[in-house]
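Read through the structure below, which is laid out as structure tokens, and then see the notes.
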Amino acid sequence: MQRESQITGTNFDFVDAMSGEEDFAIAFTANVMKLHGKSLDSASNREKYLALADLVRTFLSKRLADTEAAYRQEQKKQVYYLSLEFLPGRLLAANLLNLGLQQVCEQGLRRLNINLAELIDQEEDPALGNGGLGRLAACYLDSMASLGLAGHGCGIRYRYGLFEQRVTDGYQREFPDNWLKEGRNEWEYRRPEETMNVRFGGRVRTIANGKLHFIHENYQQISAVPYDIPIAGYQNEIVNTLRLWSAEVDVTYQACTFDRHGKGCINVIADKHATESLTDTLYPDDSVYEGKLLRLKQQYFLVSASLQSILRKHVVNKADLRLLPEKLSIHINDTHPSLAVAELMRLLLDEYGLGWAESWDITTRTISYTNHTVLPEALEKWPIDLFQTLLPRIYMIVQEINERFCRELWDMYPGDWQKIKAMAIIADGTVHMAALAIAGSHRVNGVSAIHTQILKQKTMSDFYQLTPQKFLNITNGVTHRRWMLLANPDLAQLICEAIGDRWIANPDELQHLLNFAHDNSFCCAMAKVKFANKLRLAKYIQAKYGIAIDTCSLIDSHIKRIHAYKRQSMNVLHIMDLYNRILDNPHADIVPRTFIFAGKAAPGYYKAKQTIKLIHALAEKINHDPLVKNRIKVVFLQNYNVSHAELIIPGSDVSEQIPTASMEACGTGNMKFMMNGAVTIGTLDGANIAIWEAVGDDNIFTFGLTADQVLAYYRNGGYNPWDIYHQDLRVKTVMEQLVNGFFPYPEEFRAHYDAFLNQGDHYFVLKDFAQYVEVQNKLANEFINTELWQKKCIANVAHSGIFAGDRAFAEYALSVWDLAERPPCLRQH
Ligand code: NBY
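Okay, so the sequence shown: first residue is 6 according to our numbering, each after it adds one.
Written as structure tokens, this is what we have:
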């Protein structure tokens with residue numbers, strides 16, 4: 006009894022001392038009772054999960070408070086990573102791993118006949134991001150905490166995350182992602198006392214009494230309430246925070262004046278809901294920017310709330326504002342939070358009374374910006390009218406920044422109006438967010454070598470010429486802790502047995518695995534791990550979709566957002582061609598293959614949705630054709646999210662990374678597959694190039710036009726896809742099959758047919774097709790040589806250390822944020 010009361014209270018000594026599985030079992034049982042008023046026997050799995058998460062949060066909370074106190078005392082430089090998206094994945098397993106509680110928890114629960122994996126499965130997977138950009142932000146939070154850097158995320162607590170995808174009859178349908186079913190998230194701390202007010206609309210009056218004063222009037226004020234999610238470092242006692250802002254209206258102080266319709270409080274509450282809808286949903290497009298007012302509102306809401314709270318904390322600690330760049334860094338994840346430049350200026354000028362020159366110096370030395378795309382349709386430009394009406398004071402500041410910037414340009418390039426217009430922050434009736442982000446930052450980075458080169462030479466070449474010292478490359482990295490230790494524990498264990506566990510803190514050490522490439526027993530053990538992961542995946546597919554896949558077949562996975570430039574359609578055309586070989590010759594010698602697809606299409610993106618339909622139409626045909634004799638299977642996994650990736654990646658043999666060269670800024674899925682021993686088939690784009698350089702020709706299958714060739718074609722008006730149609734019978738056949746009744750409804754795939762043939766094949770699918778088929782054949786032949794294949798898998802894992810988020814983040818720490826201490830993984834270099 007004495008023990009129980011300690012457990013259910015907040016006696017941290019006990020929690021810290023809790024070492025044995027018995028202690029854990031007792032604490033857990035008591036927590037189920039405390040939280041749900043139920044005994045263990047009558048609690049559901051979800052209730053057990055919530056009780057476990059709550060218990061783990063108790064561990065986090067003390068470390069969170071201690072970490073903050075230590076940062077304050079050491080006056081450690083803080084990094085704030087502003088992003089409209091964070092895709093953290095499920096947190097229970099990650100927290101158990103990072104807190105070193107995995108074993109005690111697993112065994113403690115086993116005593117109670119509870120399977121930890123089943124509880125882990127109860128957690129919602131927060132979909133607060135679209136794809137790579139949001140997932141990268143989450144990987145970096147892990148790395149920051151694990152490297153002991155004081156780095157925090159600032160984002161939006163969307164009430165509904167990215168839509169839930171369900172596919173009926175091959176068509177994607179979207180459903181709201183109600184991830185906060187219980188009204189709250191089990192990891193978060195609501196901090197109403199740190200609420201900030203954000204102002205929209207109204208007008209600005211200027212008063213001149215010696216100095217200009219700007220009075221913002223008639224605005225609408227919305228409260229931003231922060232919710233902090235603790236982010237634990239890997240077994241280092243550090244816990245940082247991911248702060249998510251929610252729009253809330255407190256109506257308890259609003260009198261319900263009864264209007265002539267007699268509605269009273271109904272109106273007050275209706276207004277409350279309308280205002281709070283600001284943070285209701287995440288915009289579901291990952292490549293085309295949507296010029297919607299609500300999106301701009303979300304951006305300013307995040308930026309203003311975050312910066313106000315950052316500055317408040319800075320001055321409360323009695324620090325001098327002039328020291329801001331030495332005390333903290335503000336990083337903007339793409340241009341989405343680039344209003345930070347103007348908002349920081351507003352706060353320094355209007356709220357803290359500094360002058361323009363000083364404020365600009367502080368701002369530009371504090372802010373840095375990462376670009377994630379060169380696709381022109383993704384570049385954010387806001388119409389002046391909309392911008393000015395929503396953010397009148399911010400617009401004035403942007404105007405002033407623009408004027409001063411253009412004057413500087415005029416001095417540099419007198420008379421070159423064209424250049425000045427191309428670089429201006431305000432031009433053609435729009436505000437150019439990339440120009441604002443570059444002008445207001447001291448560092449601008451691309452996310453892979455080739456992407457940075459394209460930024461310097463093409464997309465941002467004028468800015469690069471003006472301020473070359475701002476530009477740098479930092480190739481993305483992913484957290485090997487989640488993608489290896491958590492997603493593939495058997496592989497992690499095997500690696501530890503072979504080379505020890507130092508690779509966990511220093512992933513470069515994975516290179517030592519190369520010594521085992523000729524070790525038969527290691528190769529066998531690795532093959533066994535892969536097989537077990539394929540089995541796990543096969544079981545899931547069987548249970549969910551009733552499709553039996555051959556676990557000895559080559560599992561080839563293409564999992565990412567559906568987009569024309571990512572060329573899922575090229576993969577489909579290749580499968581059609583394989584199928585045609587069987588139709589032509591039923592005994593064709595085909596290496597058994599399972600093709601897995603997963604990914605969401607933006608709801609308004611017709612062609613991407615039709616690609617999903619095409620994959621399903623093909624699966625329907627192939628999976629049921631007795632002639633195929635199970636040599637090919639096609640599977641589409643619905644509602645792709647981080648948890649699905651954790652299941653698919655370890656169970657895959659081949660990683661499809663086949664974008665049109667020059668278009669994929671980096672890619673991060675490619676790195677996760679590599680860490681899990683899958684071999685890449687890829688174009689020379691983004692980080693595929695770095696993977697190729699790391700593993701060498703023998704351990705990757707590259708093909709297709711290079712970025713230079715693609716860009717040269719664009720400069721010269723493209724190419725004629727009909728030439729390929731006429732030259733290559735395979736292409737002609739698959740093209741015709743899109744529209745000749747091979748699939749039911751001959752008109753269904755007309756848009757694809759036209760895009761390939763009548764609209765110039767903008768993504769060079771037909772141009773790259775022959776080479777793609779060739780390397781697919783080569784790859785299949787090498788796959789059946791198991792010894793040779795195993796060496797490729799080992800080489801991939803062994804060389805994957807450079808793609809760890811820790812390396813990427815250490816580079817930011819050194820070259821972007823100027824953090825004084827060298828992170829441990831750079832110390833020995
Ligand atoms: O960022 C991705 C890139 O495509 C990928 O190559 C890169 O590896 C990754 C991390 O650097 N970009 C991405 O995921 N972009 C988005 O999710 C996104 C979301 C919203 C909007 C634009 C892009 N938007 O305009 O609203």
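Don't be surprised by glycine CBs; every beta carbon is placed ideally from N, CA and C.
CB contact flag (residue i, residue j, <8 Å)
i    : j    : result
F678 : S657 : yes
A155 : L92  : no
Y724 : K772 : yes
L102 : L490 : yes
A622 : V640 : no
N50  : Q127 : yes
The ligand NBY heavy atom lying under 7 Å from the CB of residue i
i    : result
E792 : no
T878 : Here the chain has residues from 6 to 834 only, and residue 878 is not among them.
Y288 : yes
C671 : yes
A383 : yes
Y294 : yes
H341 : yes
N135 : yes
L689 : no
N478 : no
G139 : yes
N450 : no
D836 : Residue 836 is absent from the structure shown; the chain starts at 6 and stops at 834.
D147 : no
N100 : no
N481 : yes
D495 : no
D291 : yes
Cβ neighbours of residue i in the same chain (closer than 6 Å, five flanking residues each side left out)
i    : result
F392 : Y400, V436
G69  : In the sequence as presented, Gly is not what sits at residue 69; that position holds Leu. Closer than 6 Å at the Cβ level, and outside the excluded window around L69, lie P235, V244.
K797 : V684, N704
L716 : S667
V821 : S373, R448
P512 : H485, G806, A809
P181 : Y165
G113 : E26, F29, A30
H157 : Y85, N245, T246
V256 : V273, K277
Nonlocal neighbours in the same chain, by C-beta distance under 7 Å from residue i, ignoring five residues either side
i    : result
F788 : L559, V596, D658, W794
T464 : V379
I430 : V403, I406, N407, F410, V436, H437, A440, L441, A444
A345 : L87, V308, L312, I335, I337, I372
F263 : G269
Residue i - partner residues in DSSP beta bridges
i    : result
K216 : N214
V449 : Y374, F476
G160 : L249
P388 : T435
E502 : DSSP output for E502 lists no bridge partner at all.
L152 : Answer is none; L152 lacks a bridge partner.
Q170 : E179
G687 : Q662, T707
E79  : Looking at the DSSP assignment, E79 forms no beta bridge with any residue, so it has no partner.
A229 : M201, A252
K871 : A question about residue 871 goes unanswered here, because the residues of the chain that appear run from 6 up to 834.
Y85  : H157, I335
Close-in-space but distant-in-sequence residues of the same chain around residue i (CB under 8 Å, 5 per side omitted)
i    : result
Y224 : R204, F205, G206, G207
D285 : Y163, R164, Y165
L283 : I227, A252, L299, K302, Q303, F306
V739 : L578, M581, D582, N585
R178 : Q170, R171, V172
L117 : A30, F33, T34, L45
T457 : N450, G451, F476, L477, N478
L632 : I587, L588, P591
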